[in-house]
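> Residue numbers (the numbering used here): 1 to 720.
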Ligand code: SF4
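(1) Could you check where the beta strand (DSSP E) with residue 641 kicks off and where it finishes?
(2) Taking only the alpha-carbon atoms, compute the straight-line gap between residue 213 and residue 574 and give it to the nearest angstrom.
(3) Measuring CB to CB, does residue 118 end up less than 7 angstroms from residue 334?
(4) Taking buried to mean at least 16 other C-beta atoms within 10 Å of its own C-beta, is residue 111 buried or exposed?
(5) State the Cα-Cα distance for the pair residue 195 and residue 17, rounded to the nearest angstrom.
(6) Would you give the residue range spanned by the beta strand (DSSP E) that residue 115 belongs to?
(7) Return the first residue and the last residue of the alpha helix (DSSP H) that residue 389 is part of.
(8) Could you please give the first and the last residue of the uninterrupted beta strand (DSSP E) stretch that includes residue 655?
(9) With distances taken between CB atoms, is the gap from residue 436 to residue 485 smaller than 7 angstroms?
(10) Hey, could you find the ends of the alpha helix (DSSP H) residue 254 is sitting in?
(11) Among 680, 10, 660, 255, which has the Cα closest to the Cα of residue 628?
(12) Is the closest heavy atom of the ligand SF4 to the C-beta of residue 20 under 6 angstroms?
(13) Can you tell me which residues form a DSSP beta bridge with residue 665?
(14) Return yes when the C-beta of residue 55 is under 6 angstroms from any heavy atom of the ligand SF4, and no when it is not.
(15) By Cβ distance, which residues of its chain are closer than 6 angstroms to residue 268, with the 5 residues on each side in sequence left out?
(16) Less than 7 angstroms separating the beta-carbons of residue 146 and residue 307?
(17) Note down, one range per segment and in chain order, each alpha helix (DSSP H) of at least 4 residues found wholly within the segment 549-591.
(18) What is the DSSP secondary structure of residue 696, reduced to helix, strand or coil?
(19) For the ligand SF4, is there a heavy atom less than 6 angstroms away from the beta-carbon of residue 38?
(20) Please tell me whether, using a cut-off of 6 angstroms, the distance from the CB of residue 52 to the nearest non-hydrogen atom of the ligand COA is below it.
(21) Within this structure, are the beta carbons of residue 439 and residue 429 separated by less than 7 angstroms?
(22) With respect to the alpha helix (DSSP H) encompassing residue 490, which residues constitute its N-terminal and C-terminal limits?
(23) Under three-state DSSP, which class holds residue 101?
(24) Return helix, strand or coil for residue 383, following the three-state DSSP convention.
(25) Using DSSP's beta-bridge definition, name the partner residues of residue 28.
(26) Does DSSP put residue 139 in a helix, in a strand, or in coil?
(27) At a cut-off of 6 angstroms, is residue 111 close to the ligand SF4 when judged by its beta-carbon and the heavy atoms of the ligand?
(28) Any idea what DSSP makes of residue 636, helix, strand or coil?
(29) Cβ of residue 319 within 7 angstroms of Cβ of residue 236?
(30) Is residue 82 helix, strand or coil by DSSP?
(31) Are the CB atoms of residue 471 and residue 538 nearer to each other than 7 angstroms?
(32) Cβ-heavy atom distance between residue 656 and the ligand SF4 below 6 angstroms?
(33) Determine the contact status of residue 623 and residue 654, defining contact as a CB-CB distance below 7 angstroms.
(34) Evaluate residue 43 with the Cβ neighbour count: other Cβ atoms within 10 Å of its Cβ, from every protein chain shown; 16 or more gives buried, anything less gives exposed.
(35) Rank 454, 714, 205 by C-alpha distance to the C-alpha of residue 590 and give the top, closest one.
(36) Does the structure place the segment 324-338 close enough to the segment 253-268 that three or more beta carbon pairs sit under 8 angstroms?
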């Protein structure tokens, strides 16, 4: 019998926001009998004005997906999986964790929260608290595999307590390797994912100048006044060259530098070799364009440069980030006394915002890793070393891993090493709503709630919203199956292990499972706006909550240090040789550079399991310039072998004239656990296979070179 068409009176419309990615677009959701039948943007939202993207509009399909996991799975001895109840799974997992802690110590228990877990406002905090409760330092997240340099730049250089200038009132903005129109992401001071196309058009109409540095003519670059199609991996060259132009022409903010910046002569000496000719040749740019961009940016008077995953995943990512912030700093692009900060950071405790420098400090001062002399930083251990922490014998070796909303099998650098590590674990627990290549290795797969089944706050965007803005959502449908919120998994395990869950506001009751709202309250305890107030201020801008930059303390003496010895040494090495971080590499063997990119219809490895998104493509094409395609005697749809010094992947050729010649542009985190890509047309291939954990890592962050990868390309000999 056909399902009756719902009448208007059957439909309940509820307010929520999307959590497929961090952008938190407000949505109205139509629900019939606990079934989501439609979602749409909210036209009268003051920031988003109805904006949503194709991924968020698939939420009804995601909720109804017959392949969604609706109960935990346990792996049988023969490798197949069977359903178990969540109490049974949690009992068994906790017993294994107890055995591993008693045998090897707490450090042997690790967790990794991936991009999926980050969309839940209490998942990361619960995982962190779980580690504190069991006294294990082995806490990892996706932050340390794509943009770790961002969090550390201020450590070396020093920070500005009131932050750098914002996008909203910029006269000029310089976007280096990010594309908010697709990723919905921007660095601070950049174009955020809150209705990015409309906001950019408005800002351009108001006269804002835009400089985009990207080897690809991205959607963002189509708005640029100057687009510098830089050779991948040469961002440090270009930035050092721009700093040289600024200092040579005396364009820096002299008064600001006099008061707050030290080491200017050392900085000038370090960039001296980056002449316009050197920059133009290495970056493959017209020198006039470089000069024009440097002068346009320096003229400001307001606006910052910011980087994205492109340069942050390439070699010398810390150096690139440092030079970017140095450029902003010598131009004095900071909030001055009386300036209003763009967002309100309303979910976090009040922080001082004085117009003064926070002194430089050691960047990575956390617990020592056992690998390559790395250390933890910002309360996490470096994910780039996690596979080796599993595989390397000795005290502290990781034996159990809980993966929350992540897919290491295709996302972690050095795929073969990662697969070996996953197979080596004594316990692998994956919290995911679908069977991923990582889940195939798991001993247990725990089925989580989907976003519309849980309460949340927009915890990431709270720091990035263009204005002080609050939103909150209750669950808009009841849970479909034996599914758990990510925090509940950690609470249940901690409870069984006899530990607590020390969140910022204290540990919850460990005898009776609390509500998600109680966990939200504990996670965001002491917030600028109390959570009870947030809950009744849906989609609300709070002009009265803007943070005002306070005057510097009378005795404020700290200064920025733009020329720390190790960075200047790295810069000199970089000038002398273009790929020093990649070891002894004959670049003539690897004439192409493979860069990472985003695709509109997926978020890393999430998306193509849904039919509406799979229609947009089931592989991550190898985008190449048509002239390169012709020169290699290839055609659209051909299979190519893309070979780095580490490995080979097979890609599907897609000619695209928005790519610079000599560049291959591919989305990351595709493919499966096979190392030979038989199904490349159906599931794509992971570019992470091409990179080595041992060669080319950043000395401080451990970040592995995962973009601007030197590769060779040839037609695949054996049809796949
Ligand atoms: S941009 Fe992100 S939050 Fe907004 S609709 Fe798309 S996936 Fe959802």
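Every residue, glycine too, gets a C-beta built ideally from N, C-alpha and C.
What you are looking at is a predicted structure, and each value in this text was computed from that prediction instead of being measured.
So, from the data block:
(1) 639-643
(2) 19 angstroms
(3) no
(4) buried
(5) 14 angstroms
(6) It is not in any beta strand (DSSP E) - residue 115 instead sits in the alpha helix (DSSP H) that spans 115-118.
(7) 386-391
(8) 648-655
(9) no
(10) 254-260
(11) 660
(12) yes
(13) 595, 623
(14) yes
(15) 247
(16) no
(17) 565-576
(18) coil
(19) no
(20) No copy of the ligand COA appears in this structure; the ligands present are the ligand SF4.
(21) no
(22) 486-497
(23) helix
(24) helix
(25) 15, 40
(26) strand
(27) no
(28) coil
(29) yes
(30) strand
(31) yes
(32) no
(33) yes
(34) exposed
(35) 714
(36) yes
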